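Since the structure comes first, as structure tokens, the remarks are kept for the end.
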Amino acid sequence: MALRFTRKPENELEKEGRSLEPHAGETEYVCPNCHRTLPETTLDDNQWVCSCGHHFRISARRRIRMLTDEGSFSELFASIESTDPLSFPGYQEKLEKARKASGEKESVVTGTARIDGMEAAIFVMSPEFMMGSMGAATGEKITLLFEYATERGLPVVGWTVSGGARMQEGLMSLMQMAKTSGAVKRHSDRGLLYITVLTDPTTGGVTASFAMEGDIIVAEPGATVGFAGRRVVEQTTMESLPRDFQTSEFILAHGFADIITPRGDEKRMIAELLRFHGGQA
Amino acid sequence: MTAYDKVRTARSTSRPTTQDYIASMFTGFIELHGDRRYRDDEAIIGGLAYLGDKPVTVIGIEKGHDTIERMRRSFGAPEPEGYRKALRLMKQAEKFRRPVVCFVDTSGAYCGIGAEERGQGQAIAENLMEMMALRIPTVSILIGEGGSGGALALAVSDKVWMLENAVYSVISPEGCASILYKDASEAPKAAESLRLTAEDALSLGVAERVISEDGIGTEDFYGRLAEELYGELEALGHETDLPGTRYQRFRAFGR
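Chains as they are written, first to last, in the working numbering: chain A, 1 to 281; chain B, 1001 to 1255.
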């Protein structure tokens, strides 16, 4: 352990004088990419990006705090939460657990915020809530947000994280793909801007609906983005998959994302795009 | 019949497939090929036909009849090109103001490296968005399996009908069982929980009509279905705001 604090700084994170030493009682995280142990404050200072470039999955609220103007977020549709439309065995307990783990009622947080002074309707999905799975309430909140933005002529910026549709809600979950797509279409037909930011992971029914429907699709580096699950593809095709299969870099190369933007530059990039499309502070 | 019996029936290779419906319900079918971008996906058939005296665009997922044909058609699992061909034909139908009839029968969108490289998710997403806004009547009939997003990509329609033994689900019962119970053999249990039968879809409002399978495959059966379809297209033809009504139809789920 001691070695870590005496050796020469070897990355920007350390060079900038940020300590790797955790404060008393502070939680430490291990980077899944380089296996470095990082204290929470260090990660906070670096927008939860490791010096190796790995972008940690982060909660919806943390993301909103990081990427929107301080104090500008005003939450909408906060009371909407999943019911159990099919009385699916074990689902109630699973929901309870997800609510506890995430502190959220659903897998998406919706509202308005300013980004560099410009107002936008935003939705941010939460990896801590059943890995952002899309239930009826998720679809309802996103649809309401698009309808709200359409009425008021606001752009929408959405951060996606999702394992896909929520099987415990069966067809009601599947129908959210059509419902949200319809709401995106109506917003689009009014000439309004929709930016999606694909974050790790964005897969399944969310990829096959509103994640891929942005006018401009931004992706965080190294995020998993795809439709079918990697293991499913492996098992079905029995082929070895390209190393970068279903990453942001892979989808950019194949023409399905516009820009890869590291999180540290994300707010500036989104602000640029909003400004370009008439956003006024 | 249990839910899983229905799943097995829906998957049966002895069921009529899209090409049988086209041949028996319509006349003068001219198949149109290709997505104008990359290739022709034979898992989806589409083209021009008459339903009675009515010119329509008919599109359907085709599983094929014998093994060789089934392989050629990827067992009815469309690649992005299939969905793009379908959308091209729907837009063409809109231009010439004729209704669209879709037959849906798939275990799901094709799962493979190429499909991911060419944007399977994007192709489905675009169909969902664009189908919602079509200014012509659309009816989708699920004739066998309705496998998740791969089926929905041809079913964002004014009316969705299901054959009595067709199923419609967000995930296969086997997939659901292997995630929930870590055991694919629990599929019958999962099938029950998923509420994937035609009756379930009807009670959830996902389908408007369940088609009796009495005499399935006979001239009578096709004749009856063609007549009902004709009546439905006539009725939809008098609607003044199809995209608005269609949006409200889907908007209602989970409100």
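Every residue gets a Cβ at the ideal spot worked out from N, C-alpha and C, and that includes glycine. Remember, predicted model here, so these are calculated numbers, not experimental data.
Quiz item: Run through DSSP, which three-state label would Asp1113 of chain B get?
Solution: Reading the second sequence from its first residue, position 113 is the one you call residue 1113 of chain B. As written in the sequence, residue 1113 of chain B is Ile, which differs from the Asp given in the question. Of the three classes helix, strand and coil, the one that applies to Ile1113 of chain B here is helix, per DSSP.
Quiz item: What did DSSP end up calling Lys94 of chain A once you bin it into helix, strand or coil?
Solution: In the first sequence, the residue the question calls residue 94 of chain A occupies position 94. DSSP places Lys94 of chain A in helix when its eight states are reduced to three.
Exercise. Leaving out five residues on either side along the sequence, give the residues of the same chain with a beta carbon under 6 Å from the beta carbon of Leu3 of chain A.
Key: Reading the first sequence from its first residue, position 3 is the one you call residue 3 of chain A. Low per-residue confidence applies at Leu3 of chain A: pLDDT is 39, beneath 50, and the placement is therefore not dependable, though the value from the model is reported in the following sentence. No residues qualify anywhere along the chain.
Self-check item: is_contact[Ala1133 of chain B, chain A] using C-beta, thresh 8 Å
Solution: Start at 1 with the first residue of the second sequence, and residue 1133 of chain B comes out as number 133. So yes, Ala1133 of chain B belongs to the interface.
Quiz item: So, are the CB atoms of His23 of chain A and Thr41 of chain A less than 8 Å apart?
Solution: Mapped onto the first sequence, residue 23 of chain A falls at position 23. Mapped onto the first sequence, residue 41 of chain A falls at position 41. Closer than 8 Å, so yes.
Exercise. Spell out whether any CB of chain A is found under 8 Å from the CB atom of Cys1111 of chain B.
Key: Here residue 1111 of chain B is taken as the residue at index 111 of the second sequence, counted from 1. Answer yes: the Cβ-Cβ gap between Cys1111 of chain B and chain A drops below 8 Å somewhere.
Quiz item: Once you ignore the five residues that flank Arg1098 of chain B on each side, which residues in its own chain have a CB closer than 7 Å to its CB?
Solution: What you label residue 1098 of chain B is simply residue 98 of the second sequence in a count that begins at 1. Excluding residues within five positions, the ones whose Cβ falls inside 7 Å are Pro1055, Val1056, Thr1057, Ile1136.
Quiz prompt | Gly135 of chain A versus Gln1122 of chain B: straight-line alpha-carbon distance, rounded | solution = For this step, residue 135 of chain A is matched to residue 135 along the first sequence. For this step, residue 1122 of chain B is matched to residue 122 along the second sequence. Approximately 20 Å, taken between the alpha carbons.
Quiz item: Cα separation between Ile270 of chain A and Ile115 of chain A?
Solution: Mapped onto the first sequence, residue 270 of chain A falls at position 270. Mapped onto the first sequence, residue 115 of chain A falls at position 115. Going from the Cα of Ile270 of chain A to the Cα of Ile115 of chain A covers about 8 Å.
Quiz item: If you run the structure through DSSP and keep just helix, strand and coil, what is Phe88 of chain A?
Solution: Here residue 88 of chain A refers to the residue found at position 88 of the first sequence. Looking at Phe88 of chain A - three-state DSSP - the assignment turns out to be coil, as it is neither helix nor strand.
Quiz item: What does Ile1171 of chain B reach in chain A if we use C-beta pairs closer than 7 Å?
Solution: Sequence index remark: in the second sequence, residue 1171 of chain B carries index 171 (1-based). In chain order: Met167.
Practice problem: Mind the definition here: the region 198–215 of chain A touches the region 153–167 of chain A only if three or more C-beta pairs lie below 8 Å; say whether that holds. | Solution: yes
Quiz item: Ala1023 of chain B: buried (16+ other C-beta within 10 angstroms of its C-beta) or exposed?
Solution: Translated into positions along the second sequence, residue 1023 of chain B becomes position 23. Classification of Ala1023 of chain B: exposed, given that the 10 Å Cβ count is below 16.
Exercise. Give, in chain order, every unbroken run of the alpha helix (DSSP H) that is at least 4 residues long and sits entirely within the region 111–171 of chain A.
Key: 136–152
Quiz prompt | Coil, strand or helix - Arg1209 of chain B by DSSP | solution = Residue numbering aside, residue 1209 of chain B sits at position 209 when the second sequence is read from its first letter. Arg1209 of chain B: strand per DSSP, three-state reduction.
Self-check item: Length of the line joining the Cα atoms of Glu1199 of chain B and Ile80 of chain A
Solution: The count along the second sequence starts at 1 and reaches residue 1199 of chain B at position 199. The count along the first sequence starts at 1 and reaches residue 80 of chain A at position 80. Glu1199 of chain B and Ile80 of chain A: Cα-Cα distance of roughly 28 Å.
Practice problem: Go to Pro32 of chain A, then tell me how far its beta strand (DSSP E) extends in each direction, as first and last residue. | Solution: Translated into positions along the first sequence, residue 32 of chain A becomes position 32. Note, Pro32 of chain A: premise wrong, no beta strand (DSSP E); not H, not E.
Practice problem: Compute the distance between the beta-carbons of Tyr1168 of chain B and Val1206 of chain B, then report whether it is under 8 Å. | Solution: On the second sequence, position 168 is the one that residue 1168 of chain B refers to. On the second sequence, position 206 is the one that residue 1206 of chain B refers to. In this structure, Val1206 of chain B lies closer than 8 Å to Tyr1168 of chain B by Cβ.
Self-check item: Rounded straight-line distance, which links the Cα of Ser1074 of chain B to that of Met238 of chain A
Solution: Within the first sequence, the letter at position 238 stands for residue 238 of chain A. Within the second sequence, the letter at position 74 stands for residue 1074 of chain B. Met238 of chain A and Ser1074 of chain B: Cα-Cα distance of roughly 16 Å.
Practice problem: Spell out whether any CB of chain A is found under 8 Å from the CB atom of Ala1125 of chain B. | Solution: Within the second sequence, residue 1125 of chain B is the residue found at index 125, counting from 1. Output row for Ala1125 of chain B: interface = yes.
Quiz item: Going by alpha carbons, who is nearest to Asp1035 of chain B out of B:Asp1105, B:Pro1078, B:Val1156?
Solution: The residue labelled residue 1035 of chain B in the question sits at position 35 within the second sequence. With distances taken between Cα atoms, Asp1035 of chain B lies closest to B:Pro1078.
Quiz item: At a cut of 8 Å, does the region 87–94 of chain A reach the region 57–73 of chain A through at least three beta carbon pairs?
Solution: no
Quiz item: Once you ignore the five residues that flank Gln1019 of chain B on each side, which residues in its own chain have a CB closer than 7 Å to its CB?
Solution: In the second sequence, residue 1019 of chain B corresponds to position 19, counting from 1. The answer, listed in chain order, is Ile1045, Glu1062.
Practice problem: Tell me whether Ser79 of chain A sits in a helix, a strand or coil according to DSSP, three-state version. | Solution: Position 79 of the first sequence, counted from the first residue, corresponds to residue 79 of chain A. Ser79 of chain A: coil per DSSP, three-state reduction.
Quiz item: Residues of chain B with a CB under 9 Å from the CB of Glu220 of chain A: which are they?
Solution: For the purposes of this step, residue 220 of chain A is taken as the residue at position 220 of the first sequence. Result: empty, since nearest Cβ-Cβ is about 17 Å, beyond 9 Å.
Quiz item: How would you label Asn1165 of chain B, buried or exposed, when you count the other beta carbons within 10 angstroms and need 16 or more for buried?
Solution: Sequence index remark: in the second sequence, residue 1165 of chain B carries index 165 (1-based). Buried, because 16 or more other Cβ atoms sit within 10 Å of the Cβ of Asn1165 of chain B.
Quiz item: Counting only runs that start and end within the region 1172–1236 of chain B, where is the alpha helix (DSSP H) found for 4 or more residues in a row?
Solution: 1173–1180, 1187–1194, 1198–1204
Exercise. To the nearest angstrom, report how far apart Ile1059 of chain B and Ser240 of chain A are at their CA atoms.
Key: Here residue 1059 of chain B is taken as the residue at index 59 of the second sequence, counted from 1. Here residue 240 of chain A is taken as the residue at index 240 of the first sequence, counted from 1. When rounded, the distance between both Cα atoms is 34 Å.
Exercise. Determine the extent of the beta strand (DSSP E) in which Phe1029 of chain B is found, giving its start and end residues.
Key: Counted from its first residue, the second sequence places residue 1029 of chain B at position 29. Unbroken beta strand (DSSP E) run through Phe1029 of chain B: 1027–1031.
Quiz item: Does DSSP put Leu1152 of chain B in a helix, in a strand, or in coil?
Solution: Counting from 1 along the second sequence, the entry for residue 1152 of chain B is found at position 152. In this structure, Leu1152 of chain B counts as helix in the three-state DSSP scheme.
Exercise. Assuming Gly117 of chain A contacts Ala281 of chain A (C-beta within less than 8 Å), just tell me the rounded distance between them.
Key: On the first sequence, position 117 is the one that residue 117 of chain A refers to. On the first sequence, position 281 is the one that residue 281 of chain A refers to. Confirmed, Cβ separation roughly 3 Å.
Quiz prompt | First through last residue of the beta strand (DSSP E) which encompasses Met212 of chain A | solution = Here residue 212 of chain A is taken as the residue at index 212 of the first sequence, counted from 1. Counting along the chain, Met212 of chain A falls outside any beta strand (DSSP E), and DSSP gives it neither H nor E.
Exercise. From the DSSP output, in three-state form, read off Leu346 of chain A for me.
Key: As displayed, chain A neither begins before 1 nor continues past 281, which places residue 346 of chain A out of reach and without an answer.
Exercise. Would you mind sorting Glu272 of chain A into buried or exposed? The rule is 16 or more other CB atoms within 10 Å of its CB.
Key: As a first step, residue 272 of chain A must be located in the first sequence, where it is residue number 272. Looking at its Cβ environment, which holds fewer than 16 other Cβ atoms inside 10 Å, Glu272 of chain A is exposed.
Quiz item: Rounded to the nearest angstrom, how far is the Cβ of Ala219 of chain A from that of Ile251 of chain A, given a contact under 8 Å?
Solution: Residue 219 of chain A sits at position 219 when you count from the first residue of the first sequence. Residue 251 of chain A sits at position 251 when you count from the first residue of the first sequence. About 7 Å separates the two Cβ atoms, so the contact holds.
Quiz item: Just curious, the beta strand (DSSP E) that Pro39 of chain A is in, first and last residue?
Solution: Taking the first residue of the first sequence as position 1, residue 39 of chain A is located at position 39. Start and end: 37–39.
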